[in-house]
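Protein chains in written order, with the working numbering: chain X, 1435 to 1764; chain G, 555 to 889. By construction, the Cβ of each residue, glycine as well, lies at the ideal position given by its N, Cα and C atoms. A short write-up of the structure that comes next.
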């Protein structure tokens, strides 16, 4: 197996201080390998974006380590990022906010080339190549971001990211703000880029149905912790954590059958005062007494890992002992 | 029984630097009481401008023609003053972002009861009692406490429920919901869709859901109208339209969606982007992106939506998908 590009161990991120202290990410381990897209899904407030930012050194860690190509990733404060972090890049959700409206597209991309150690003189030529690679005309170098649609702007943002010659990209909701036809276009583009250049990618999204199409592996987060992680096909077709099941069941199907998606009652709890035991227990249909006191750890079960005392009660037990009759099963 | 809302030949021209441009072009549809109708389309399809017409909230200089008959009132050409008795009172709106719909520094109670006292003339006590009822209706836990709280104290899903409660405060007959769940998580979305469906059944509320997500419409809408470039491409019963679409654009939208049941495969996007205002190509607006386009599709007149089956209208004279099986076909250009 190839060595991971990005390696997170026991990562925790905290905000605030004193009584208002919030643990947004709580003890996460992740590996991202070359040519792999790792999907990171969960509801808003689950810590997935914070984790993405921590993985790129944009967020200080309260605990744990992040390594990129074997070197520690540390927040650089407001100073410039170290040269060794240049090949670890981020794509953001909103292509309206992430591109400077006063600069031409060619200049924006050339910035990435300069950042990557190239010369500005080469930047414009490279910008044309990259624009064509992401499916835009090379002539777009002379235009301003506002002249493009949302999907085209996200392509420009991706071209700028590629200009820095990344080995690993963390994409935070890269298609959520786009129109229906642009979503599929940009998702496919990211898949192609990863395959072509053997990039590693973390694809952060609230939409499991999209993650399922692009990611090789998926990690499901709830209240700062990973509750299930494994090969996408395995997790999707046979989710073991009740929360993953609920996410799958809530996806509306465009099949004309008029079926209402299954509701998961309740909201993500306040991360400043997380529930005792398993964080999911107040919303869980399978809750048992021990779930209220005992903290589940990720345990291997049926070809993936899940943190559920009921479904994955330790590597020695067979998970089949518990019937799969949560609300998520059709 | 006449429909609650009857839109016929609606046209909306917006002023631009290059003169007035049609944002809505000959759109017709009906909405019955107790029915959820979907307007589907991407940005620039005219779906939001259609809703703004029904609310009398078009930008200054916009010109409308055609008709929109709502429970005895003609909305097209209705004076601004007269619209005040319709908007909020008889037709209400829920938008994508509940954060902007609610006032951040007024309590939920103030926002709910002001609406009722203004539109329904209720006393403070009666309004308060009804506000508690409404919040319970949209499943806000502890409504009494919620009345004293501020929007910022609630999650996004809860805020959208509260925004729906505010919209329903004056007992409207029609609710326009513009991308009501786009900003929400799927689990929360499921709750809001169930809420809309329950309000439709129990209160005979008519709802127009505006979205680009055909999955959402499949869940709640009985009829769906697909708009492209300001015009109706196809409209019909949701079950027919989503299983046997006849317009290549509808087919393309469906194919571009991730399909939970099918094996994982690359998504099948529609190439290109929808046209912007004033840049709608001649003939069929979709022809540059359509795999079946013929020479006749590229020239005016624009195809009109004509009945092809009972309740099913199609604006595609070549009708290449007629009799095609339900599985995906290459409906759009692949280059």
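{"Check": "Amino acids of chain G, ordered along the chain, whose beta-carbon sits closer than 8 Å to that of residue 1640 (chain X)", "Outcome": "739 and 740"}
{"Check": "Three-pair Cβ contact test at 8 Å for the region 1707-1722 of chain X versus the region 799-806 of chain G", "Outcome": "no"}
{"Check": "Three-pair Cβ contact test at 8 Å for the region 575-589 of chain G versus the region 772-785 of chain G", "Outcome": "yes"}
{"Check": "is_contact[residue 712 (chain G), chain X] using C-beta, thresh 8 Å", "Outcome": "yes"}
{"Check": "First through last residue of the beta strand (DSSP E) which encompasses residue 575 (chain G)", "Outcome": "575-585"}
{"Check": "Classification of residue 1617 (chain X) by the beta-carbon crowding that lies within 10 angstroms, buried from 16 upward", "Outcome": "buried"}
{"Check": "Close-in-space but distant-in-sequence residues of the same chain around residue 792 (chain G) (CB under 8 Å, 5 per side omitted)", "Outcome": "592, 771, 772, 775, 776, 777 and 778"}
{"Check": "Helix, strand or coil at residue 1595 (chain X) according to DSSP, with G and I counted as helix", "Outcome": "helix"}
{"Check": "As assigned by DSSP and simplified to three states, the class of residue 1499 (chain X)", "Outcome": "strand"}
{"Check": "Beta-carbon proximity check, residue 610 (chain G) vs residue 641 (chain G), cutoff 8 Å", "Outcome": "yes"}
{"Check": "Extent of the continuous beta strand (DSSP E) run through residue 1464 (chain X)", "Outcome": "1456-1466"}
{"Check": "Secondary structure of residue 860 (chain G), DSSP reduced to three states", "Outcome": "strand"}
{"Check": "Own chain residues within Cβ distance below 7 Å of residue 829 (chain G), not counting five before or after", "Outcome": "598, 783, 835 and 839"}
{"Check": "Residue(s) in a DSSP beta bridge with residue 1660 (chain X)", "Outcome": "X:1655"}
{"Check": "Beta-carbon separation (whole angstroms), residue 1558 (chain X) vs residue 1539 (chain X), contact threshold 8 Å", "Outcome": "That pair is no contact at about 10 Å."}
{"Check": "Cβ of residue 1499 (chain X) within 8 Å of any chain G Cβ", "Outcome": "no"}
{"Check": "Neighbour flag for residue 889 (chain G) against chain X, beta carbons, 8 Å", "Outcome": "Confidence is the limiting factor: at residue 889 (chain G) the pLDDT is only 40, short of 50, which leaves the residue's position unreliable and the question unanswerable from this model."}
{"Check": "Contact list for residue 1613 (chain X) against chain G, beta-carbon separation under 8 Å", "Outcome": "596, 597, 766, 827 and 828"}
{"Check": "8 Å Cβ cutoff met for residue 760 (chain G) and residue 588 (chain G)", "Outcome": "yes"}
{"Check": "The region 794-803 of chain G / the region 866-878 of chain G touching (three or more Cβ pairs under 8 Å)", "Outcome": "yes"}
{"Check": "CA nearest to the CA of residue 1644 (chain X), picked from X:1597, X:1624, X:1661 and X:1632", "Outcome": "X:1624"}
{"Check": "Buried or exposed by the 16-neighbour rule on C-beta atoms within 10 Å, applied to residue 853 (chain G)", "Outcome": "exposed"}
{"Check": "Residue 1637 (chain X) (DSSP reduced to helix, strand or coil)", "Outcome": "strand"}
{"Check": "Inter-residue spacing [alpha-carbon to alpha-carbon] between residue 873 (chain G) and residue 795 (chain G)", "Outcome": "14 Å"}
{"Check": "Beta bridge counterpart(s) of residue 627 (chain G) as assigned by DSSP", "Outcome": "G:624"}
{"Check": "Three-state secondary structure assigned by DSSP to residue 618 (chain G)", "Outcome": "strand"}
{"Check": "Contact list for residue 700 (chain G) against chain X, beta-carbon separation under 7 Å", "Outcome": "Within 7 Å Cβ-Cβ: nothing; residue 700 (chain G) doesn't reach chain X, min ~13 Å."}
{"Check": "Nearest-angstrom Cβ-Cβ length linking residue 1680 (chain X) and residue 1695 (chain X), presumed shorter than 8 Å", "Outcome": "Residue 1680 (chain X) to residue 1695 (chain X), Cβ: 10 Å. No contact."}
{"Check": "Contact set between residue 743 (chain G) and chain X, taken where Cβ atoms lie within less than 8 Å", "Outcome": "1684, 1686 and 1695"}
{"Check": "C-alpha gap between residue 1668 (chain X) and residue 1589 (chain X), whole angstroms", "Outcome": "31 Å"}
{"Check": "Residue 688 (chain G): CB within 7 Å of a non-hydrogen atom of the ligand FMN", "Outcome": "Only the bare structure without any ligand can be found here, which leaves the ligand FMN out of the picture."}
{"Check": "C-alpha distance - residue 1715 (chain X) paired with residue 741 (chain G), whole-angstrom precision", "Outcome": "16 Å"}
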